[in-house]
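What follows is a set of notes on a single structure, which appears directly below.
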């Protein structure tokens, strides 16, 4: 199963272009993408990513996640790490299985509450603001 890019859907690569903005204009297609971890992409998929001429990669994972699963580099792309998931005290949230066990979020109820809190704060994080400076 693949999307328009020829990359498996499980990679969750999406062109964020085409969405209508508050002022009635539309986000330019082929300019702003999102995906899962690049380290999961195979060589053929990385070749497709390189053909998109991506200029900046904002890695929003925690330092621990980046260390455990580093992403490959893309030709000509600047890599910027800025963890998006942080607690109120500013410490990063690590979504690795080991960290989730340590946070006691392995039950569905705890995991749902934890995830809701973290994702609810993401749009307001410094990391997201940095992308649009």
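Numbering (our numbering), first residue to last: 21 to 153. Don't be surprised by glycine CBs; every beta carbon is placed ideally from N, CA and C.
By the DSSP assignment, the alpha helix (DSSP H) with residue 148 in it spans what residues? Run containing residue 148: 146-151, per the alpha helix (DSSP H) assignment.
I'd like to know whether the C-beta atoms of residue 57 and residue 91 end up nearer to each other than 8 Å. Going by C-beta atoms, residue 57 is nearer than 8 Å to residue 91.
Would you tell me roughly how many angstroms separate the C-alpha atoms of residue 66 and residue 133, rounded to the nearest one? So the two alpha carbons sit approximately 35 Å from each other.
Alpha carbon to alpha carbon, how far is residue 153 from residue 146? 11 Å
Assigned exposure category for residue 37 - 16 Cβ within 10 Å defines buried: exposed
What three-state label does DSSP hand residue 29 in the structure shown? helix
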